[in-house]
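The listed protein sequences derive, respectively, from chains Z, G, F and B.
Residue 140 in UniProt numbering sits at position 140 of the first sequence; the count goes up by one each step and never skips.
Residue 233 in UniProt numbering sits at position 233 of the second sequence; the count goes up by one each step and never skips.
Residue 90 in UniProt numbering sits at position 90 of the third sequence; the count goes up by one each step and never skips.
Residue 176 in UniProt numbering sits at position 176 of the fourth sequence; the count goes up by one each step and never skips.
Accompanying notes for the structure given below.
Number of protein chains: 4
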Amino acid sequence: MSKGTVVLAYSGGLDTSCILVWLKEQGYDVIAYLANIGQDEDFDAARKKAESLGAKKVFVEDLRAEFVEEFIWPSVQANAIYEDRYLLGTSIARPCIARRQVLIARQEGAQYVAHGATGKGNDQIRFELTCYALYPSILAPWRIPEFYNRFKGRKDLMDYAQNHPPSDIFCMTKNPEDSPSAPDVLEIEFSKGVPVKVTHLKEGTSKTTPLQIFTYLNEIGGRHGVGRIDIVENRFIGMKCRGIYETPGGTILYHAHLDMEIFTMDREVRRIKQGLGINFSELVYNGFWYSPECEFVRHCIAKSQENVEGKVQVSVLKGHVYILGRESPKSPYNEELVSMDVQGDYNPCDASGFIKINAVRLKEYNRLQNYSFRS
Amino acid sequence: MSKGTVVLAYSGGLDTSCILVWLKEQGYDVIAYLANIGQDEDFDAARKKAESLGAKKVFVEDLRAEFVEEFIWPSVQANAIYEDRYLLGTSIARPCIARRQVLIARQEGAQYVAHGATGKGNDQIRFELTCYALYPSILAPWRIPEFYNRFKGRKDLMDYAQNHPPSDIFCMTKNPEDSPSAPDVLEIEFSKGVPVKVTHLKEGTSKTTPLQIFTYLNEIGGRHGVGRIDIVENRFIGMKCRGIYETPGGTILYHAHLDMEIFTMDREVRRIKQGLGINFSELVYNGFWYSPECEFVRHCIAKSQENVEGKVQVSVLKGHVYILGRESPKSPYNEELVSMDVQGDYNPCDASGFIKINAVRLKEYNRLQNYSFRS
Amino acid sequence: MSKGTVVLAYSGGLDTSCILVWLKEQGYDVIAYLANIGQDEDFDAARKKAESLGAKKVFVEDLRAEFVEEFIWPSVQANAIYEDRYLLGTSIARPCIARRQVLIARQEGAQYVAHGATGKGNDQIRFELTCYALYPSILAPWRIPEFYNRFKGRKDLMDYAQNHPPSDIFCMTKNPEDSPSAPDVLEIEFSKGVPVKVTHLKEGTSKTTPLQIFTYLNEIGGRHGVGRIDIVENRFIGMKCRGIYETPGGTILYHAHLDMEIFTMDREVRRIKQGLGINFSELVYNGFWYSPECEFVRHCIAKSQENVEGKVQVSVLKGHVYILGRESPKSPYNEELVSMDVQGDYNPCDASGFIKINAVRLKEYNRLQNYSFRS
Amino acid sequence: MSKGTVVLAYSGGLDTSCILVWLKEQGYDVIAYLANIGQDEDFDAARKKAESLGAKKVFVEDLRAEFVEEFIWPSVQANAIYEDRYLLGTSIARPCIARRQVLIARQEGAQYVAHGATGKGNDQIRFELTCYALYPSILAPWRIPEFYNRFKGRKDLMDYAQNHPPSDIFCMTKNPEDSPSAPDVLEIEFSKGVPVKVTHLKEGTSKTTPLQIFTYLNEIGGRHGVGRIDIVENRFIGMKCRGIYETPGGTILYHAHLDMEIFTMDREVRRIKQGLGINFSELVYNGFWYSPECEFVRHCIAKSQENVEGKVQVSVLKGHVYILGRESPKSPYNEELVSMDVQGDYNPCDASGFIKINAVRLKEYNRLQNYSFRS
């Protein structure tokens, strides 16, 4: 008799295949679920493999559009970056994948959901917190002693699960050294802080749907070796670990959005929003996409983006993204106000008062401390 | 009869030359003061020019070593960056220059210090807040109506003071497109968060004094077109303005230090220190280097750097800085702990408890909100 | 010939009466404007005084309801408190008063608005920043040299403007020592973070409009000597100054709202909201009620209050506010979950995993530092 | 044969007595350890009880002085307060108690330490994180299934462990309604942010050692019913729970220190320190006293206290603490600067410039948004 039905997040690879077989051996009915979020994968072959291993049903779900619109776009608005470097690619994929998995489990009446993430990583947390937030029960074979003890000796499985050699790890980006020596110049148009159009200025071609825009930026960024990093990061679990990532399209968007945001947003609004963006990044990295605080932060950030509108011109070359210029109908940038030629409403004498008042505190401090200084 | 003695921060250029002449016309004795903080300048020619314009005395001061050690190094420790992009080059030069100027004024018994910074910019504030914090009186000709009204019609002076055309603006960095196609690979060694040695790995040459290290990194970064940005920034005065900067050495150090910091510092210490770094950057940008709060923040940041020690390998190519690897005697990075092969002290089952407790709050929220989600 | 029309924020007191007369002497037409925000004042007498001093028109405006609903309520939601002590009473009155003044100026075609706030205080800033944000030109006599030089010798005017002796300063609150020795017990009902009903539990009487609620809480709080403080505070202008305040109703609301907020709001949402509340308090204290950042912060805080709903019972006695209990249909407080008797969904073993994972970082730190400790 | 030696944090109560017996039954040698941190307890009776239950050794340790100096004083410097209300009494006792326990374990060669904190609370975490940070192995009976399953039916043990009825819960403070109707007026002298002397102004008596000072403030505060709160708080474990606390001495110190801090500390230093104090409070509440980040924060906060020096006069009456006045040799409070009579160095016209420059941003925003407002 069946112990119940499990929806397994299946990748087609060796590790989740082992889990599929093991779950069946333990007496579960297994529904395999493959999420297409844009990775390079033969989904038909994976489907057949799952069926041949005994999956009762196989779901291959195209989540690419919702991944871009509902997960990547809010991250672009947030200028999301973990520990000043990591653009959170995988981190935002997990809640998107798990959300659909929970939906399938509900619809199919499954008692369990399972994943193949290992017991020392972040993905187990991102996956499971999403499930707990959206749905009750979970089964995570990698942390079940019977499971990981059985596979302990299987060097091939463990090897697979380990960090792959760096040479193989990049599948989207060219080595910058081997990339073209002429730049591609793009114009990215934003509205409410998300890209609504990308134009290749020389070729005159444009992309306008979210999925097309993101795919195209990945392609251009990849061609020029943009967005590769080799870092040590702090996992939620309390360990430092090495991570090698490539985020070509995300890197272009990060720079372009940052430029448009500072161009159009009030300085003090942005200072507050910058703090919220740091909150957002940590929450998402740690797996709290579906949490009251992340929902709240996303709402606030979206509010801040209402006037982030305009066009940024960027040049992409040899791993680097250069901002060439920007324009916006909503920027408080005021060439006349800044100009030295035009005095206008601005009276330079006011600056004296401004400085003197700012110095009141400093003078008092000087009086008390009798500032000494080396020369 | 003299109205008193003014120490003028003199650049050798047209604008401060005009000020020098005007101050003399107004009846002041003028001491010209030229600070060498590493800029490309013919100091002898400038000295002669000042003398010929009637300066009573001329001081040419080599501040390069103290600029690097007392101003740039703390900024490296802070990972100082304003509005996520600007590495604060000019901002940290002002307090260094003004400090010496105040010292000369004291030593020479001068009643005034003056500068040539314009009335809409940040530099006037940085300059004057330093002086108010360290010394009493100030004279700032650009904001004196008699001065700027007189020169209003002098198109040449105004032109000079305006933003120079971008083509001329870069004097330290090559255009990345024209830079070498082979990288330079450096090893930068840190102790207490500041660089103590830079080695060119292929050539085997090293630099070990702060000034040599910084000069060398400027040279290498400049050769590869590193650190050019074209941004719009928010001035303290409340305006948005365009800025074009080049910070070759600073950009290399920013990336190398960030890498070493995350490698060696506890995650939670770094989260707090990250906030202090943002405080530091805003304070310095706004001219508050000499303030109780900036002093306090510098102290705290320096404390956080005690274990930021080790070597980072970086590759510099075509405007980009790549981190290749790092090592440290003081990193909590523990390959064994992270490894999938070695279980050690870490029990993967603990992660279940960790996740479940983190989910307590989320489940309660779910219970209350009855989370609905689109599919 | 008239130099133009000024709308003067007129208090009926000596200082603004002087200003009224002086403005007329200088050749301005003066419209006197008295705002009723709930202060104890004979508005008819003030109107007559203004007319007798030569005001062209006199506006007495009852702003009490809009002051409570549009200014006090958002401050309650924010738990607004400056430097951990000051409940911002005057600070939030200024933008309310200035907004109507600007409106009158527009409607009457006046070129100027003026106020009687002194040149070293905060109120001048709060007043003027509101005007600049909403309307162009301003005239502030206290900072005009002709004005303050003329009145320098007038000891009586200066005396009046100075801090009044503490014995006179409290007009709303009784001395706690002289207050009743039996408490009043109230139940305050909140919806979306603002009070919607106050009931005196013993008397069974209720108040339900914002103005009635606030007036009643002032009365009850005043009777029991609640909300008196004697502090030194940091003005925006950079000085420390002494302030003596009484905020009886505001103090009761501060405690009751805080209790309901923590009861109903997710812990992590509240941590973020706490930071926004600090931002809000500083902005309002410094005069930035009408600014893009304060608008943004108010929006975010209001969003956080959606579930702040329920009833708090408070006892008011001898200057202190005691929270007796609370109930809410929307609290994640779950007696069963917390109880030691009921295990329910919660497995105490999970806490072991939670603690061990939280300790991973600490153990590594111990390994590196070799923690020594005194005994 | 013994399974090893356990040092048990023993309270003398029913719950830890049960644990003692149970540990012995399981085959452990048990060392009972009672910490005296100032609680009202018959330590001799508890020692005898432990011996009679079979403890191999009993340690009764007087930690009162080190608790005050090393744990309470830093919390006073931090103005530590969790969720704006809870003064952290128990939270800071745990690391103090656990530190000595670890020391005894080392000295006695014990393999285990154990405590009686329950599996849903905060104390288990505070206790265990301290041990993990300072020492390796731990045994926590309350979370061992054999233990809590066995005692599940024992209603008396569970009852004891539950929240005690509120009527009994206050042992240090009088009901404010029953407290004296005449105040006690104290002068508290601070140096480097910690109290160094307390004087009863009427009686003329003083206390000068940390333990005496704190004990005396507890006595005075207790007599007047100061520091009782009834709150719902957010536990680290993710639950909301009710807590009833009394902190008489801590409440007096909180208010007195806050007053002296704002009086003597630069405004902007304090803004940064305020954030660090919030960090500190959350860390300590969550059990991270011994962590790199809490160590770092304590260091920074201590640095901020260098000039927090002077005397505060406070009146304590009917549950409330009133600040009467303060004096300090190190305050930047400058009566002359603030005074309306003395113009001194301060030019009121500078305020115009200050305000106008602060308004530049607001005017630009107005221009873009065309601010509309209701009347």
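The beta carbon of each residue, even a glycine, is placed where N, CA and C say it ideally should be.
Just so you know, these numbers come straight off a predicted model, no measurement behind them.
Asked	Found
Reference Val76 of chain B, options B:Val194, B:Arg223, B:Arg99, B:Gln124, closest by Cα	B:Val194
Arg64 of chain B in three-state terms, based on DSSP	helix
Beta-carbon proximity check, Leu226 of chain Z vs Ser315 of chain Z, cutoff 7 Å	The sequence given here has Val at residue 226 of chain Z, not Leu. Not closer than 7 Å, so no.
Residue 376 of chain G in three-state terms, based on DSSP	Here chain G comprises residues numbered 1 to 375, so residue 376 of chain G is not present and cannot be evaluated.
Straight-line gap, Gly353 of chain B to Gly353 of chain Z (C-alpha atoms, nearest Å)	4 Å
Residue-chain proximity (Lys330 of chain G, chain Z), Cβ-Cβ < 7 Å	no
Cβ-based contacts, 8 Å cut-off: residues of the segment 28-62 of chain Z near chain B	none
Partners in chain G for Ala351 of chain Z, counting only beta-carbon separations shorter than 8 Å	Gly119, Lys120, Gln124, Ile125, Arg143, Ile237
Rounded straight-line distance, which links the Cα of Val269 of chain Z to that of Asn358 of chain G	31 Å
Where the beta strand (DSSP E) through His320 of chain Z begins and ends	320-327
Spatial distance of Ile19 of chain F from Ala32 of chain F (CA atoms)	11 Å
Buried/exposed call for Asn334 of chain F, threshold 16 Cβ in 10 Å	buried
Helix, strand or coil at Thr264 of chain F [DSSP, three-state]	helix
Contact set between residue 398 of chain F and chain B, taken where Cβ atoms lie within less than 8 Å	As shown, chain F starts at 1 and ends at 375. That puts residue 398 of chain F outside it, with no answer to give.
Residues of its chain near Thr208 of chain F, where Cβ-Cβ distance is below 6 Å and the 5 sequence neighbours each way are ignored	Lys197
Interface residues of the segment 219-231 of chain B facing chain G [CB-CB below 9 Å]	none
Buried/exposed call for Asp29 of chain Z, threshold 16 Cβ in 10 Å	buried
Cutoff 8 Å; reference Lys174 of chain G; Cβ partners in own chain excluding five residues on either side	Gly222, Arg223, His224, Gly225
Residue environment, Ile260 of chain F, which counts as buried when at least 16 other CB atoms sit within 10 Å	The sequence shown places Met at residue 260 of chain F, rather than the Ile named in the question. So Met260 of chain F counts as buried.
Cβ-based burial, Cys171 of chain F [other Cβ within 10 Å; buried from 16]	exposed
Any 3 or more C-beta pairs closer than 8 Å across the segment 63-78 of chain Z and the segment 245-265 of chain Z	yes
DSSP bridge partner residues for Glu233 of chain G (one or two, in chain order)	G:Cys241
For Glu66 of chain F, the nearest candidate out of F:Trp289, F:Pro210, F:Phe263 (CA to CA)	F:Pro210
Validate contact between the segment 269-281 of chain B and the segment 312-326 of chain B using beta carbons, cut 8 Å, 3 pairs	no
Beta-ladder partner(s) of Gln313 of chain Z, from DSSP	Z:Glu187, Z:Gly325
Minimum Cβ-Cβ distance from Ile278 of chain G to chain F less than 7 Å	no
Partners in chain G for Asp266 of chain F, counting only beta-carbon separations shorter than 8 Å	Arg361, Tyr365
Neighbour-count burial assignment, Gln124 of chain F, 16 or more Cβ in a 10 Å radius	buried
CA nearest to the CA of Pro145 of chain Z, picked from G:Arg367, G:Tyr365, G:Lys363, G:Cys349	G:Cys349
Contact under 7 Å by Cβ, Glu61 of chain Z with Ala35 of chain Z	yes
C-alpha gap between Glu187 of chain G and Val58 of chain B, whole angstroms	58 Å
Lys356 of chain G at chain F interface by Cβ criterion, 7 Å	yes
Contact list for the segment 296-323 of chain B against chain G, Cβ threshold 7 Å	Phe296, Val297, His299, Cys300, Lys303, Ser304
Under 8 Å by beta carbon: chain Z residues contacting Asp178 of chain G	Result: empty, since nearest Cβ-Cβ is about 10 Å, beyond 8 Å.
7 Å Cβ cutoff, Leu283 of chain B in contact with chain Z	no
7 Å Cβ cutoff met for Asn234 of chain B and Arg267 of chain F	yes
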